[in-house]
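Inspection log for the structure reproduced underneath, given as structure tokens.
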Amino acid sequence: MTDTVLSVRNLTTSFRSAAGPLTAVNDVSFDVRQGEVMGLVGESGSGKSVTLRSIMRLLPRGAQIGGTVTWAGQDLLKLSDAGIRAVRGGQISMIFQEPMTALNPVLPIRIQITENLRAHTDLDANGRAARARELLDIVGIPDAARRLDEFPHQFSGGMRQRAMIAIALASNPRLLLADEPTTALDVTIQDQILNLILDLRDEFGMSVVFVTHDLGVVAATCDRMAVMYAGRIVETGTVADVFARPNHAYTRGLLGSVPQAGAERSMLLSIEGTPPGLAAIPPGCAFNPRCTFAGDTCRTTRPELTSLGPDRSVACHHNDAVVQAGSPVA
Amino acid sequence: MPLSEFLARRLLQLIPTLIFILIVVFVLVRLLPGDPTSAILGDRALDADVERINRQLGLDQPIIVQFWLFVKSVFSGDLGNSIVLKLPVTTLIAQRLPTTILLTVMAALIALIMAVPLAFVAALQREKLADASIRGAFQVGLSMPVFYLGLILLTVFGARLQWFPVGGYGDGFLDHLYHLFLPSLTLALSLSAILMRNLRAAIIGVLDAEYVSFAHAKGLAPRLILTRHVLRNALISTVTIFGLSIGTLLSGAVITETVFAIPGAGRLMVDSIYGRDYPVVQGMTLALAVLVSVTFLLTDILQAWLDPRVAR
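Which chain is which? The protein sequence lines are Y and Z, in order. Read in order, the letters of the first sequence correspond to residues 248 to 577 in my numbering. Read in order, the letters of the second sequence correspond to residues 394 to 705 in my numbering.
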């Protein structure tokens, strides 16, 4: 078994609101191992992005983060401000969904790369300039020397995402947190960026946590996955296992709603309704109002996340029935 | 770089603006009630004298010819002579305008010095006591009329405490600065209130931007994030407000110069309007309009420098 690099335990994040605290992430635990790509999957509002930002403590003031996030023997949630700054961008990097808004529009790419190097390396000005050119080469931006002095608006969408990855990679992080990095891109460009991330993982032995709502992306990139619903993890497993034998009705619904190229023409399953708001999470299993398998227990008692074996767990009262129903993609 | 191209284009745009200003000034002065001839000769002038003066001033010519003569003389640097003061208008402008410019520049600088740091404090302490106090204090400054504010400052710091002179312009540059301090503070208070509110809102908007989160995700120090990432982006919208305010500031100088008895362009303008001194009114309006156009040009250049997306 490979080494665990990041260990998240009982992560709970809540925000203050007029109506009392709203819990966006609830008792979330997972591990990330050396060199693996771990997928966090769910609809918008499921808490996957907040989970990612909680790890880096990148939340607006007023957010309460509980639990532990163990990285290199220390709890990131208890580090001093200076301590967490040394980790951010140096050991753990993050890339965002929308490179147009995540890159500063008034600064040339050169500054946005070198300021990271300045914060985390001992390189002098020449060293930083050389490293910046090298990074653009690594992420596949041609004509690096010229493009370094350009501004984000002069880049295409795909090139902007490459530039953001170059910035994230600047100081050789050991973990990359990717928050829907391909959602804003065309499908062909999306593919290139996914392959780039996988290549970089192989080349530099990075681990990756990949947040997405797109199961196609998960199938193409991730080793293991955790499905989130209404702030909780409802199912975990290797991507192959989860796709072949979904144990949670929500996972099965998600899989059924992915159109498959080349498959026999069949009805797309869709999940009725919308995810609950944070202020109105139903009692029992949060998914029960939308679930076709739900019974009385589901409306009163919340199912605990139960281990089904190594690397496999589910929080569903009727997982046997769900398994029986079969995988929509098998 | 496209910046030089942007500059060239912006300078070319100044030409139609200037032509338009010339037309407006020419027409406006002729729309004023009364006419220069009766201003010179008084109400009981003889018809023969009126005709003679009209011919002297070129007022018997068709309006188009008058405009042509006006444009020609403007470009040869001749704005006519003051009827009241018997001096070339250009001489008067050269005497009075620098005072007003100095007053405006000082007011603008004082306003910036007050507004920028306080906007940061207010934005970072959003909805807390510091924010509420700063906004409340500026609200008072903003809602008080300039002449009243000026009188209060005069009474307290001029007459009572005697820290500053109560009027006049002094001799020599440093003395000018000393004499202009209270008047420019008066002008600066309302401007800084506008700037502070605008910049505070802009900073709050930028603080929520994804690129600020990304800057934090890079592990940068908070101070660097504020100066490099937040301030520059927040200033882009405030610079526009600032440029537009300079125009208001120039006209606000009329009141301030009166309250503080400063011999500036504003007071000359008021005196000339009362005295029907048309050449001076015309010349000063032209000079102020050009000054405002140049201010807007500088604002645009500053904005293009701050925001590379502008110069394209």
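Glycine included, each C-beta is placed from N, C-alpha and C at the ideal position. Remember, it's a predicted structure, so these values are computed and weren't measured experimentally.
Alpha carbon of residue i to alpha carbon of residue j, nearest angstrom
i, j, result
"proline 389 of chain Y", "valine 505 of chain Y", "35 Å"
"serine 686 of chain Z", "leucine 679 of chain Z", "11 Å"
"alanine 265 of chain Y", "alanine 310 of chain Y", "14 Å"
"glycine 473 of chain Z", "aspartate 664 of chain Z", "17 Å"
"proline 550 of chain Y", "cysteine 538 of chain Y", "14 Å"
"histidine 609 of chain Z", "leucine 305 of chain Y", "7 Å"
"leucine 628 of chain Z", "proline 510 of chain Z", "12 Å"
"phenylalanine 653 of chain Z", "alanine 392 of chain Y", "58 Å"
"valine 418 of chain Z", "leucine 681 of chain Z", "11 Å"
"leucine 544 of chain Z", "isoleucine 587 of chain Z", "21 Å"
"methionine 248 of chain Y", "isoleucine 360 of chain Y", "Model confidence at methionine 248 of chain Y stands at a pLDDT of 47, short of 50, so the residue's coordinates are unreliable; what they give is reported in the following sentence. Rounded to whole angstroms, methionine 248 of chain Y to isoleucine 360 of chain Y spans 36 Å at the Cα level."
"glutamine 321 of chain Y", "arginine 335 of chain Y", "14 Å"
"isoleucine 456 of chain Z", "isoleucine 503 of chain Z", "45 Å"
"arginine 702 of chain Z", "cysteine 545 of chain Y", "55 Å"
"histidine 367 of chain Y", "aspartate 438 of chain Y", "30 Å"
"threonine 410 of chain Z", "leucine 642 of chain Z", "21 Å"
"glycine 470 of chain Z", "valine 482 of chain Z", "10 Å"
"glutamine 406 of chain Z", "isoleucine 694 of chain Z", "13 Å"
"phenylalanine 262 of chain Y", "methionine 677 of chain Z", "60 Å"
"phenylalanine 540 of chain Y", "alanine 271 of chain Y", "25 Å"
"threonine 548 of chain Z", "leucine 578 of chain Z", "14 Å"
"serine 606 of chain Y", "valine 605 of chain Z", "Given a span of 248 to 577 for chain Y in the structure shown, any question on residue 606 of chain Y remains unanswerable."
"valine 632 of chain Z", "leucine 584 of chain Z", "12 Å"
"alanine 491 of chain Y", "glycine 289 of chain Y", "18 Å"
"alanine 467 of chain Y", "glutamate 283 of chain Y", "13 Å"
"leucine 592 of chain Z", "leucine 624 of chain Z", "9 Å"
"leucine 505 of chain Z", "alanine 581 of chain Z", "8 Å"
"threonine 717 of chain Z", "lysine 465 of chain Z", "No answer is possible for residue 717 of chain Z: the residues shown for chain Z start at 394 and end at 705."
"glycine 565 of chain Z", "alanine 508 of chain Z", "29 Å"
"alanine 501 of chain Z", "aspartate 274 of chain Y", "54 Å"
"alanine 562 of chain Y", "asparagine 626 of chain Z", "46 Å"
"arginine 380 of chain Y", "alanine 329 of chain Y", "28 Å"
"serine 403 of chain Y", "proline 307 of chain Y", "30 Å"
"alanine 452 of chain Z", "isoleucine 666 of chain Z", "This sequence places leucine at residue 452 of chain Z; alanine is not what is there. In a straight line, the C-alpha of leucine 452 of chain Z is about 19 Å away from that of isoleucine 666 of chain Z."
"isoleucine 518 of chain Y", "isoleucine 480 of chain Y", "18 Å"
"alanine 496 of chain Y", "threonine 547 of chain Y", "17 Å"
"threonine 688 of chain Z", "aspartate 440 of chain Z", "46 Å"
"leucine 370 of chain Y", "leucine 382 of chain Y", "14 Å"
Nearest-angstrom Cβ-Cβ length linking residue i and residue j, presumed shorter than 8 Å
i, j, result
"glycine 636 of chain Z", "glutamate 650 of chain Z", "Actually they do not touch by this definition, with Cβ atoms about 22 Å apart."
"glutamine 408 of chain Y", "leucine 432 of chain Y", "6 Å"
"proline 523 of chain Y", "alanine 477 of chain Y", "6 Å"
"leucine 416 of chain Y", "serine 454 of chain Y", "Incorrect: roughly 13 Å between the Cβ atoms, too far for contact."
"proline 464 of chain Y", "threonine 429 of chain Y", "According to the sequence displayed, residue 464 of chain Y carries valine and not proline. Valine 464 of chain Y to threonine 429 of chain Y, Cβ: 6 Å. Contact."
"proline 558 of chain Z", "histidine 572 of chain Z", "5 Å"
"serine 741 of chain Z", "proline 672 of chain Z", "Because residue 741 of chain Z is not part of the residues shown, which for chain Z are 394 to 705, the question remains open."
"glycine 484 of chain Y", "arginine 471 of chain Y", "7 Å"
"valine 386 of chain Y", "leucine 462 of chain Y", "So it is not a contact: roughly 26 Å between Cβ atoms."
"methionine 589 of chain Z", "alanine 512 of chain Z", "5 Å"
"glycine 286 of chain Y", "threonine 459 of chain Y", "7 Å"
"proline 429 of chain Z", "leucine 462 of chain Z", "Contact flag wrong, Cβ pair sits at about 14 Å."
"glutamine 281 of chain Y", "valine 252 of chain Y", "5 Å"
"serine 301 of chain Y", "leucine 258 of chain Y", "6 Å"
CB contact check: residue i to chain A, cutoff 8 Å
i, result
"alanine 349 of chain Y", "Considering every chain present, this structure includes no chain A. Its protein chains are Y and Z."
Any chance the region 535-544 of chain Z sits against the region 602-618 of chain Z, with 3 or more Cβ pairs inside 8 Å? no
Decide if the region 588-608 of chain Z is in contact with the region 516-535 of chain Z; the criterion is three or more beta carbon pairs, one per stretch, under 8 Å apart. In short, these stretches touch, since the Cβ pair count reaches three.
Hey, which unbroken runs of the alpha helix (DSSP H) at 4 residues or more fall wholly within the region 424-497 of chain Y? 434-451, 462-468, 486-491
If you pair each beta-carbon of the region 573-581 of chain Z with each one of the region 487-496 of chain Z, do three or more pairs fall below 8 Å? Verdict: yes, contact present.
Counting only runs that start and end within the region 259-287 of chain Y, where is the beta strand (DSSP E) found for 3 or more residues in a row? Secondary structure remark: continuous beta strand (DSSP E) runs of at least 3 residues inside the region 259-287 of chain Y, in chain order: 269-280.
Can you give me, in chain order, the residues of the region 286-303 of chain Y that have a beta carbon less than 9 Å from any beta carbon in chain Z? Only Arg300, Met303 from the region 286-303 of chain Y bring a Cβ to less than 9 Å from some Cβ of chain Z.
Which ranges does the beta strand (DSSP E) cover as unbroken runs of at least 3 residues, wholly within the region 527-609 of chain Z, from first to last along the chain? none
Relative to chain Y, which residues along the region 684-701 of chain Z have a C-beta separation below 7 Å, given in chain order? Leu699, Asp700, Pro701
Inside the region 297-378 of chain Y only - beta strand (DSSP E) runs reaching at least 3 residues: 311-318, 339-342
Select from the region 607-624 of chain Z all residues with a C-beta closer than 9 Å to any C-beta belonging to chain Y, and list them in chain order. Phe607, Ala608, His609, Ala610, Lys611, Gly612, Leu613, Ala614, Pro615, Leu617, Arg621, His622
The region 386-405 of chain Y: which residues have C-beta closer than 7 Å to a C-beta of chain Z, in chain order? Those would be Phe398, His400, in chain order.
Contact residues within the region 621-655 of chain Z, judged by C-beta distance below 8 Å to chain Y: Arg621, His622, Arg625, Asn626, Ile629
So if I threshold CB-CB distances at 9 Å, which residues from the region 489-517 of chain Z count as touching chain Y? none
May I ask you to list, following chain order, the residues of the region 588-605 of chain Z that have a beta carbon less than 7 Å from some beta carbon of chain Y? Ala602, Glu603, Tyr604
Uninterrupted alpha helix (DSSP H) stretches inside the region 396-465 of chain Z (no shorter than 4 residues): DSSP runs (the alpha helix (DSSP H)) wholly in the region 396-465 of chain Z: 429-434, 440-450.
Ignoring anything shorter than 3 residues, give me the beta strand (DSSP E) runs that lie fully in the region 613-696 of chain Z, in order along the chain. The beta strand (DSSP E) runs of length 3 or more contained entirely in the region 613-696 of chain Z do not exist; there are none.
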